[in-house]
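Numbering (full-length UniProt numbering), first residue to last: 1 to 94. No residue lacks a Cβ here, since even glycine has one placed at the ideal position from N, Cα and C. First comes the structure, then the notes that go with it.
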(Lines of atoms letter the chains of each structure in order from A; the text may use other names.)
(Lines give C-alpha, C1' and ligand atoms only; values in the text may rest on other atoms or scores of the structure.)
Protein backbone atom coordinates (compact mmCIF):
# COMPACT_ATOMS: atom_id res chain seq x y z
CA UNK A 1 0.00 0.00 0.00
CA UNK A 2 2.79 2.41 0.89
CA UNK A 3 4.62 1.82 -2.40
CA UNK A 4 1.50 2.42 -4.48
CA UNK A 5 0.73 5.57 -2.52
CA UNK A 6 4.30 6.80 -2.99
CA UNK A 7 4.04 6.18 -6.75
CA UNK A 8 0.92 8.39 -6.83
CA UNK A 9 2.51 11.01 -4.51
CA UNK A 10 -0.15 10.19 -1.91
CA UNK A 11 0.46 10.22 1.83
CA UNK A 12 -0.80 7.05 3.54
CA UNK A 13 -1.73 8.26 7.03
CA UNK A 14 -3.37 5.11 8.43
CA UNK A 15 -4.07 1.55 7.23
CA UNK A 16 -6.08 -1.21 8.88
CA UNK A 17 -8.79 -3.74 8.17
CA UNK A 18 -10.05 -7.30 8.30
CA UNK A 19 -12.63 -8.42 5.73
CA UNK A 20 -12.35 -4.93 4.24
CA UNK A 21 -9.64 -2.30 4.39
CA UNK A 22 -9.58 1.20 5.85
CA UNK A 23 -7.11 3.67 4.40
CA UNK A 24 -6.69 7.27 5.44
CA UNK A 25 -4.83 9.08 2.69
CA UNK A 26 -4.01 12.63 1.79
CA UNK A 27 -3.83 13.06 -1.95
CA UNK A 28 -3.26 16.00 -4.28
CA UNK A 29 -6.05 17.21 -6.62
CA UNK A 30 -4.17 15.86 -9.66
CA UNK A 31 -4.74 12.25 -8.46
CA UNK A 32 -7.83 10.50 -9.80
CA UNK A 33 -9.17 8.60 -6.79
CA UNK A 34 -10.57 5.80 -8.96
CA UNK A 35 -7.11 5.18 -10.48
CA UNK A 36 -5.48 5.18 -7.04
CA UNK A 37 -8.01 2.67 -5.68
CA UNK A 38 -7.72 0.49 -8.79
CA UNK A 39 -3.95 0.39 -8.40
CA UNK A 40 -4.11 -0.30 -4.65
CA UNK A 41 -6.51 -3.18 -5.23
CA UNK A 42 -4.60 -4.60 -8.19
CA UNK A 43 -1.15 -4.49 -6.63
CA UNK A 44 -2.31 -5.82 -3.25
CA UNK A 45 -4.31 -8.65 -4.89
CA UNK A 46 -1.30 -9.76 -6.97
CA UNK A 47 0.99 -9.58 -3.94
CA UNK A 48 -1.38 -11.53 -1.68
CA UNK A 49 -2.07 -14.17 -4.34
CA UNK A 50 1.67 -14.61 -4.89
CA UNK A 51 2.60 -14.85 -1.20
CA UNK A 52 -0.46 -16.68 0.17
CA UNK A 53 -2.01 -18.44 -2.85
CA UNK A 54 -3.34 -21.52 -1.00
CA UNK A 55 -4.89 -19.45 1.79
CA UNK A 56 -6.32 -16.73 -0.47
CA UNK A 57 -8.38 -19.03 -2.74
CA UNK A 58 -11.21 -19.37 -0.23
CA UNK A 59 -11.64 -15.59 0.04
CA UNK A 60 -12.01 -14.77 -3.65
CA UNK A 61 -15.05 -13.01 -5.14
CA UNK A 62 -15.46 -15.48 -7.99
CA UNK A 63 -11.96 -15.29 -9.40
CA UNK A 64 -11.24 -11.81 -7.99
CA UNK A 65 -9.62 -11.03 -4.66
CA UNK A 66 -11.36 -7.69 -4.05
CA UNK A 67 -14.95 -6.68 -4.70
CA UNK A 68 -15.38 -4.44 -7.73
CA UNK A 69 -16.71 -1.64 -5.52
CA UNK A 70 -15.21 0.71 -2.94
CA UNK A 71 -16.28 3.50 -0.63
CA UNK A 72 -14.46 6.80 -0.38
CA UNK A 73 -15.42 9.62 1.94
CA UNK A 74 -14.06 13.10 2.39
CA UNK A 75 -13.19 14.21 5.89
CA UNK A 76 -12.38 17.87 5.22
CA UNK A 77 -12.38 19.52 8.66
CA UNK A 78 -12.41 16.42 10.89
CA UNK A 79 -9.38 16.16 13.18
CA UNK A 80 -6.99 13.60 11.71
CA UNK A 81 -6.25 12.20 15.16
CA UNK A 82 -9.91 11.13 15.51
CA UNK A 83 -9.85 9.41 12.11
CA UNK A 84 -6.51 7.77 12.80
CA UNK A 85 -7.82 6.41 16.12
CA UNK A 86 -10.94 5.03 14.43
CA UNK A 87 -8.90 3.19 11.81
CA UNK A 88 -6.37 2.01 14.37
CA UNK A 89 -9.16 0.45 16.44
CA UNK A 90 -10.40 -1.68 13.53
CA UNK A 91 -9.19 -5.25 13.24
CA UNK A 92 -5.76 -5.70 11.68
CA UNK A 93 -5.44 -7.36 8.23
CA UNK A 94 -4.86 -11.09 8.52
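My output table needs one value for residue i: the three-state DSSP class, helix, strand or coil.
i	result
residue 12	strand
residue 68	coil
residue 55	helix
By the 10 Å Cβ neighbour count, where 16 or more other Cβ atoms means buried, how is residue i classified, buried or exposed?
i	result
residue 75	exposed
residue 10	buried
Using the Cα positions of residue i and residue j, report the straight-line distance between them to the nearest angstrom.
i	j	result
residue 30	residue 6	14 Å
residue 65	residue 21	13 Å
residue 86	residue 53	30 Å
residue 19	residue 56	12 Å
residue 62	residue 2	27 Å
Among the options, which residue has its Cα nearest to the Cα of residue i?
i	options	result
residue 34	82, 68 and 77	68
residue 71	85, 36, 79 and 78	36
residue 80	58, 25, 2 and 9	25
residue 60	73, 45 and 51	45
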